[in-house]
Every structure is written in structure tokens, then in C-alpha cells.
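In the working numbering, the protein residues as written are -2 to 346. Following: one structure in C-alpha cells, then a few remarks.
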Amino acid sequence: MPDQAPPAAGTARPKPPLRVVISLDVEEEGLFCGTYAATGCGVRNVELLPKLAPLSDELGFPLTLFCAYTVFASAPARAVLEKMRDRHGAEIGAHLHHWSTPPFDGAPPEGTAQEGMAGPPARTHLLPRELLGQRLRTLLNAGRDFQGAPLTSFRMGRWDLKAELRPLLAEEGILVDSSVCPLRAFAGGPDHFLAPADPYWVEGAPDRPLLEAPITQVPLVPGMERLWHGLAGRRREVLDRFHFFGALSANPFWHGASAMRLATWLHVRRGGKVLGLFWHSSEMLPGGSPHVPDKAAATAALEKIFSFCRWLRRNFAVEGVTLTALRALAPELHFPGREALPDSGRGDW
-2 MPDQAPPAAG
8 TARPKPPLRV
18 VISLDVEEEG
28 LFCGTYAATG
38 CGVRNVELLP
48 KLAPLSDELG
58 FPLTLFCAYT
68 VFASAPARAV
78 LEKMRDRHGA
88 EIGAHLHHWS
98 TPPFDGAPPE
108 GTAQEGMAGP
118 PARTHLLPRE
128 LLGQRLRTLL
138 NAGRDFQGAP
148 LTSFRMGRWD
158 LKAELRPLLA
168 EEGILVDSSV
178 CPLRAFAGGP
188 DHFLAPADPY
198 WVEGAPDRPL
208 LEAPITQVPL
218 VPGMERLWHG
228 LAGRRREVLD
238 RFHFFGALSA
248 NPFWHGASAM
258 RLATWLHVRR
268 GGKVLGLFWH
278 SSEMLPGGSP
288 HVPDKAAATA
298 ALEKIFSFCR
308 WLRRNFAVEG
318 VTLTALRALA
328 PELHFPGREA
338 LPDSGRGDW
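In C-alpha cells:
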């Protein structure tokens, strides 16, 4: 963005406009320990969600809660979700952990981990399509039972969504997806490396296009990501290392406070209209992840999140929105179609 003339004496520089989506993957514990069991993992971390209520009530950032089947299957967790929705304006979305969503009678593809066992589960695109569709419907039916209405926002577990699976979402009534993590490329899974950081339209039902709303992750230096992409070639393990040295995000468990603020400024200066940040509900539980070994770390993480959101309010003309609300605003924000974007033919985004 070119430099602007300083404001006249006695006038304030107008704040840049910015829509902000805060989403959480609300799910079972154990994933940070490599446990991908079909059953038996707890969801006690969901009890901590009300600690986030001031984000919505005081700072104006309604939450989008992407809920796994294990959460919808828990009566205590459902009570917390009801409170977050009815008292604090949270949107309830769907989060597919296919390994912990019935039915469990399908055999995994040859050469992948057995279902219900520890270790990474089969990549989503390797599952039989009918089995994947059954599990998606199980999740969405559980969400409908809780919500009394269809769920319309979605995130695939482990960012494990390839482009060919999006029509399945559209068939089931999903209107906005947030399964793309720019500057990441997963071994054996999707390549989201060259995806844009701002939302864009992708193929959906004929009368209901699907909005893709990636989380915000940007390169520290523009063009550096394409250079790295060229150097890494097809070596996914090399390509994905960029995430650890050349990328910035507003994720409070991936980056420090200064990096979160820098990522936001860079995104806005490069024309970004929407800031998307996320974390996992289990990261709020002391001992639930390597980032949060104890209660003191959990408290510090919450303060970091609240401090960042207060900073957003001070520095931008912020509008906090849920994902479904963002889709309603999309026509006035003029998001592009995927086919009009650079690198649209490269990757699974």
C-alpha cells in the first residue's frame, strides 16, 4: 500500500475496515498426543468455552464454533453450546473428524492406520466416498438435532479437504467452508500452499455457490512463497517447512503477539478484507496440548487472545462476524471466484 499523507492537525487518520472471524474447532481431547480413537476420548474442554464470552459480549466478536460429532453426542457439552449460542451469539458449525464419527463399519484403505487406533487416520480423500458421505450426514444430522435447523458452515478436521470433496459439502447444504490453511502442504493430503488469505467463491450447488473462507496466514515477504514453491517442487515435506519460518498468522497458538499484529497489518495493507483466526477448544485445557502444559499457560493464552482483540478494536474499523454472517455480507465485499485468482490451477484449494 503506498504511503499516505499524514492527517491534518487535529484530525485522526481513519481506521482501515476489517471484518474479523474468530472460529474454534470444538472437539475431543487427545489429538495433540496423536490419539485418533473412534470412541472414548473426553470433551471436558468444552466446559471452558464460556471463558470466551467477553470476546462477544464486551468486544463484539461473535464466535463460530465448529463442533465434532463427539461434542454433539455429549449432553454436558451440548448444554455449554446452547449457552454459547443463546446467551453469547455463537454460530454452531460442523467439524468432521471422520475417525470418530459413525458408521465405523468401513475398512480403511490399504496401507493406512486401522480405524479406532492411535496414530494418524486415513486421509479423507482415500475413504470410500459413500462412507465419507455417511459420516458427514451423521455429523450434520447430529448438528440439526441440536440446532433445530441445518448447519451451514463447515471445517474438515486436519485441514484435510481436497477440491474434489467440496461438491459433497454443497450436496449436504453447506454454504461456507473454512477448511483451507494457506501456506501449508500436507504429506499425503491437500496442498493449500498457494491459496489466498482472503475469501473466494468455489463450486457449489447451482443455485447456492460455496464461499471458501481460509484462515489468515500470509508470507512475511510477498513473492517469497512462490519462490519457495518453485524450489520445493513436489516435495511436500520441504514445501510445508515454509509455515515455520516464512509465514505469519493471527493464530494465538502458532505465533506470538507481535507476529499476530504484524500478520494483521500486512494482510490489510495487501488488500485483505477479512481476518480469520482460529484455535482448538482443547488448547484451552491445561495439559490439553504442548502449548498449554498447565493452568498458568492456559490463563496466559486467554489474556493474549483478549489483548489482541482489544488491539484490533483500537487500530481497525472492526466488524466481528460469524462465518454464515460473512457469507451474507459477501456480495457487498466482492470476493472473487477461484478461477479468477492467480495459481488457481495449482493445489487443492
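A virtual CB, placed ideally from N, CA and C, is assigned to each residue, including glycine. A quick note: this is a predicted structure, and the numbers were derived from the prediction, not measured.
Proximity winner among the options, relative to residue i (alpha-carbon distances)
i: A35; options: L49, R75, H94; result: H94
i: E26; options: G344, V43, V17; result: V43
i: D157; options: R141, L165, S176; result: S176
i: V218; options: L15, L208, A244, F190; result: A244
i: Y66; options: L137, L338, D195, A260; result: L137
i: R343; options: P118, L49, R205, D188; result: D188
i: A119; options: Y33, A74, Y197; result: Y33
i: C178; options: F239, D142, R232; result: F239
i: L52; options: G334, I302, P333; result: I302
i: L162; options: L133, Q144, P147; result: L133
i: D204; options: G186, L172, A182, R232; result: L172
i: D195; options: A146, W346, P147, W251; result: W346
i: V40; options: A72, R233, N312; result: A72
i: Q144; options: D83, Q131, R181; result: D83
i: F332; options: C306, V271, A254; result: V271
i: D54; options: R335, P117, C306; result: C306
i: D174; options: R181, L323, A337; result: L323
Inter-residue Cα distance where the pair is residue i and residue j
i: R126; j: L263; result: 40 Å
i: C347; j: T61; result: Residue 347 lies beyond the residue range present for the chain, which begins at -2 and ends at 346; the question has no answer from this structure.
i: E329; j: L129; result: 35 Å
i: S78; j: G285; result: A small fix is needed here, since residue 78 is Leu in this sequence, not Ser. Taking the straight line from one Cα to the other gives about 20 Å.
i: W225; j: G269; result: 22 Å
i: G57; j: V289; result: 26 Å
i: L309; j: L259; result: 12 Å
i: D340; j: L124; result: 27 Å
i: M257; j: G273; result: 11 Å
i: A229; j: V215; result: 18 Å
i: W276; j: G227; result: 30 Å
i: V315; j: S97; result: 37 Å
i: A198; j: A325; result: According to the sequence as given, residue 198 is Trp; it is not Ala. So the two alpha carbons sit approximately 13 Å from each other.
i: L299; j: D291; result: 13 Å
i: A184; j: M221; result: 21 Å
i: A74; j: K80; result: 10 Å
i: G31; j: T213; result: 25 Å
i: R155; j: R267; result: 28 Å
i: L191; j: A247; result: 18 Å
i: P99; j: N312; result: 45 Å
i: L236; j: L282; result: 31 Å
Helix, strand or coil at residue i [DSSP, three-state]
i: A322; result: helix
i: S176; result: coil
i: D188; result: strand
i: L263; result: helix
i: R181; result: coil
i: L56; result: coil
i: L21; result: strand
i: E26; result: coil
i: A35; result: coil
i: I212; result: coil
i: P11; result: coil
i: W198; result: strand
i: P333; result: coil
i: A91; result: strand
i: R310; result: helix
i: R120; result: coil
i: P206; result: strand
i: R16; result: strand
i: V315; result: strand
Cβ-Cβ distance between residue i and residue j below 8 Å
i: R16; j: V318; result: yes
i: P164; j: P193; result: no
i: G201; j: A167; result: yes
i: P47; j: V265; result: no
i: T296; j: T149; result: no
i: H85; j: A50; result: yes
i: A87; j: L208; result: no
i: G90; j: R152; result: yes
i: E280; j: F241; result: no
i: V18; j: S278; result: no
i: L21; j: F63; result: yes
Requested in this report: Tell me the start and end of each unbroken beta strand (DSSP E) in the stretch 125 to 168 that is at least 3 residues and wholly inside, in chain order.
Outcome: 150 to 153
Query raised in the report: Which residue spans inside the stretch 220 to 300 form an unbroken beta strand (DSSP E) run of at least 3?
Result: 244 to 246, 271 to 277
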